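**Student:** When you line the sequence shown up against our numbering, it's residues -8 to 281, in that order. Let me begin by handing over the structure; questions about it come next.
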Amino acid sequence: MMLTPIFLGRIMAKLSTKVATRIITQLKRYQSVLAGLLKRDVSEADTVTVVNDMLSDICGYDKYLHVTSQYAIRGTYVDLAVKVDDDIRFIIEVKAIGIDLKDAHVKQAIDYAANEGIEWVVLTNGAHWRIYKVHFRQPIEKILVCEFDAIEESAKSPEALECFGNLSREGFSKSTMAEFLLHKQVTNKFTVAAVLQTDFILEILRREIRRMSSGVKVEVDYLKTLLREEVIKRDLIDSDEAKSALQNIKRLQRAATRKKAAPKAADEEAPIVAPVADASASTPRAVAIP
-8 MMLTPIFLGR
2 IMAKLSTKVA
12 TRIITQLKRY
22 QSVLAGLLKR
32 DVSEADTVTV
42 VNDMLSDICG
52 YDKYLHVTSQ
62 YAIRGTYVDL
72 AVKVDDDIRF
82 IIEVKAIGID
92 LKDAHVKQAI
102 DYAANEGIEW
112 VVLTNGAHWR
122 IYKVHFRQPI
132 EKILVCEFDA
142 IEESAKSPEA
152 LECFGNLSRE
162 GFSKSTMAEF
172 LLHKQVTNKF
182 TVAAVLQTDF
192 ILEILRREIR
202 RMSSGVKVEV
212 DYLKTLLREE
222 VIKRDLIDSD
232 EAKSALQNIK
242 RLQRAATRKK
252 AAPKAADEEA
262 PIVAPVADAS
272 ASTPRAVAIP
């Protein structure tokens, strides 16, 4: 079975065929198990047991060595913690499979992580899985990196392979998770909506309309208002996620500008005969490939 890096996700670490096949095969098996649990509306404790089994069978962890149940965090307990070589990779807050994941559950999971200084959090009811990245700022920030339905989603889907592949024992690392996060940040619907509202894109849109209409003039401000009020969905503009995406776009634009300007500045200061600096030295740490 051959799986290309694109099919596995452009940002995630390249998994071996053996690992990818394990994820697909075991997820298919658990889809029927989870459907049965949902039909019986089992308890949270039973759901935790199955999630623990999924970490073993799908993600490749030894549930007796790598997974801790009821992990203590400042007088309270999170359902599961995955630990390899004395490092907590991520914690998992589990709800009963019949309970929809809500904002209060997200806050609970993020609070656990913030109190322990853990960057990666999984919130799941067994069927619905979410992966969050925690930023330790004031106030604490969270980014939803991955979300999928383990029952309804195809076991071969890029979403399932990306999420379980990056969480897996073989695929998880700080660098691969940083790549995964960056990919999701720059390709999600909130970021695309924010990019559409940037001056650069609005100017391109203005010129294209003028070109197609033989010179009809339209103002950038009008196009921006049109996009915000009649084209782009309201939640892609006014929500917290949209505001966060806009701030992230500004940071990425500044970083891209600095990266583009750096070689030019070096060329201007150095003699023509000087060796050219290695461009890889300016690659952002967050996207460095191990």
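No residue lacks a Cβ here, since even glycine has one placed at the ideal position from N, Cα and C. As the structure is a computational prediction, the values presented were derived from the model and not from experiment.
How long is the line joining the alpha carbons of E259 and K250, rounded to whole angstroms?
**Tutor:** The pLDDT assigned to E259 is 45, lower than 50, so where the model puts this residue is not dependable, and the model offers no usable value.
**Student:** So, with DSSP's three-state summary, where would you put L135?
**Tutor:** Strand.
**Student:** Using DSSP with H/G/I as helix, E/B as strand and the rest coil, what is K180?
**Tutor:** K180: helix per DSSP, three-state reduction.
**Student:** Output the boundary residues of the beta strand (DSSP E) element that contains D70.
**Tutor:** Residues 67 to 75.
**Student:** Can you give me the C-alpha to C-alpha distance between R245 and A36, rounded to a whole angstrom?
**Tutor:** Distance between the alpha carbons of R245 and A36: 47 Å.
**Student:** Excluding the 5 residues flanking I142 on each side, which residues of the same chain have their C-beta closer than 8 Å to its C-beta?
**Tutor:** Q22, L25, A26, L29, A118.
**Student:** Distance, Cα to Cα, S34 vs N116?
**Tutor:** Near 10 Å, if we compare the C-alpha coordinates of N116 and S34.
**Student:** One question on the structure: do F163 and R80 come within less than 8 Å of each other, judged by their Cβ atoms?
**Tutor:** The answer is yes: Cβ separation under 8 Å.
**Student:** Relative to the C-alpha of I49, which candidate in A95, L152, I223, R219 has its C-alpha closest?
**Tutor:** It is L152 whose Cα lies nearest to the Cα of I49.
**Student:** Measure the alpha-carbon distance for S273 versus I109 and round it to whole angstroms.
**Tutor:** Interpretation of S273 is limited by its pLDDT of 31, a score under 50 that renders its predicted location unreliable; the figure taken from the coordinates is listed afterwards. Their backbone Cα atoms lie some 28 Å apart in a straight line.
**Student:** H126 to I134, Cα distance in whole Å?
**Tutor:** One C-alpha to the other measures close to 8 Å.
**Student:** Output needed for L218: all residues of its chain with C-beta closer than 7 Å, excluding positions within five of it in sequence on either side, in chain order.
**Tutor:** These residues qualify, in order along the chain: L187, Q188.
**Student:** From M168 to E220, what distance separates their C-alpha atoms?
**Tutor:** C-alpha separation (whole angstroms): 36 Å.
**Student:** Just verifying my parser: in three-state terms, what is the DSSP assignment at D258?
**Tutor:** Note that D258 scores a pLDDT of 46, beneath 50, so its modelled location is shaky and nothing firm can be said.
**Student:** Write down the C-beta distance between D70 and I83 rounded to the nearest angstrom, noting that I regard them as a contact closer than 8 Å.
**Tutor:** Their Cβ separation, rounded to whole angstroms, is 6 Å, which keeps D70 and I83 in contact under 8 Å.
**Student:** List the residues that DSSP assigns as beta-bridge partners of Y123.
**Tutor:** For Y123, which the question treats as bridged, DSSP gives the partners V112, L135.
**Student:** From D145 to L18, what distance separates their C-alpha atoms?
**Tutor:** For clarity, residue 145 is Ser in the given sequence; the question names Asp instead. Near 9 Å, if we compare the C-alpha coordinates of L18 and S145.
**Student:** Tell me the rounded alpha-carbon separation between I195 and F155.
**Tutor:** About 39 Å.
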